[in-house]
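Here's the structure, in structure tokens; my notes come after.
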Amino acid sequence: MAEALASPRQAARSPAALLQVLWLASPALPVGGFSYSEGLEAAVDAGLVVDEASAACWLTDQLHLALARSDLAVAAQAITAWQANDLDRIRQLN
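Here this note's numbering is used: position 35 in the sequence shown is 91, and no number is missing along the way.
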């Protein structure tokens, strides 16, 4: 007689299923690790990063670009809200 299959909900609670999800979400997953590199490998291949000094410069640029794309805009809005004593806006931004 065939063994009954577990429901999707039961299967999702199994240790094996949890381990598979953790592996998939892990930054150690090769594709995940590469995507977090912000293109460092491509910069090395293109000759833009060739030594410690150029690597430090490249990393600094990446930090500035990351701030400009995300956190800096929110920080600017938070400063404006703080100066206007707009606590509701600060809560929204948080």
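The C-beta atom is built at its ideal place from N, Cα and C for all residues, glycine as well.
Given the structure is predicted, the values throughout are model-derived calculations rather than measurements.
In the DSSP assignment, residue 149 falls within the unbroken alpha helix (DSSP H) covering 143-149. If you keep only unbroken alpha helix (DSSP H) runs of at least 4 residues inside the region 72-140, you get 86-91, 96-101, 108-122 and 128-139. Residue 105 and residue 113 have their C-alpha atoms roughly 9 Å apart.
Taking the Cα of residue 118 as reference, the smallest distance to any Cα among 134, 147 and 96 is reached at 96. Between the alpha carbons of residue 130 and residue 141 lies a distance of about 16 Å.
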